[in-house]
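Using this note's numbering, the letters of the sequence shown map in sequence onto residues 1109 to 1268. Ideal Cβ placement from N, Cα and C applies to all residues, glycine included. Since we're looking at a predicted model, the values are computed, not measured. A quick write-up on the structure given underneath.
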Amino acid sequence: MTVAFFPGKARRAGVALGAVSAGLLVLSACGSKPTPLATVTVGSDSVNAEAACYNGGKAIKESQIKTCLEKKPEKTIKVAPDDRIRFGVEPEIAENGWTLFIGGQQAEQEPYKKTYRSIPASAFLSSQTGESSDSARISIVETSGKKLTGVWHFELEKES
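Here it is in structure tokens:
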């Protein structure tokens, strides 16, 4: 009877391959895939976030919408009033359409259907009375008809 012995390198490679395979199996068993990303870019600085609320592209329950819109943003980006803010979403968000909310309030009536848009920072850093603000909570909200299907939050912070 002959026993095959593998040299050290081959054995380590086999163990590494087995570990990677087991890791992939565990990840696929979870069944939860990451939410689509939304990105905010100012100059050369960018932040992206997964959804604060997302139901796999299906409508978020009416009872959860207010809570979703009031969640505190985890991502902050600094802006100057004369900067342009670029908002970007993944194609699957753009297919349904998305709108911007400022401070939890809808800022636009019609959903936007492209993956990218650019808006002056001054639009977010001034109130309706014309007073300047030091920060603004912006939400990108994916819609499907009249239903909300995803919410991403960002904080814009005025540079001092």
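When the five nearest sequence neighbours on each side are left out, the beta carbons in the same chain lying within less than 6 Å of the beta carbon of Pro-1144 are those of Glu-1198, Glu-1200, Ile-1201, in order along the chain. If you check the CB distance, Gly-1165 and Thr-1251 do not come in under 7 Å.
Counting along the chain, the unbroken alpha helix (DSSP H) around Leu-1177 starts and ends at 1170-1178. Bridge partners of Asp-1153 according to DSSP: Val-1150. Here Ala-1244 carries a strand assignment [DSSP, helix/strand/coil]. In the three-state scheme derived from DSSP, where H, G and I count as helix and E and B as strand, Ser-1268 is classed as coil.
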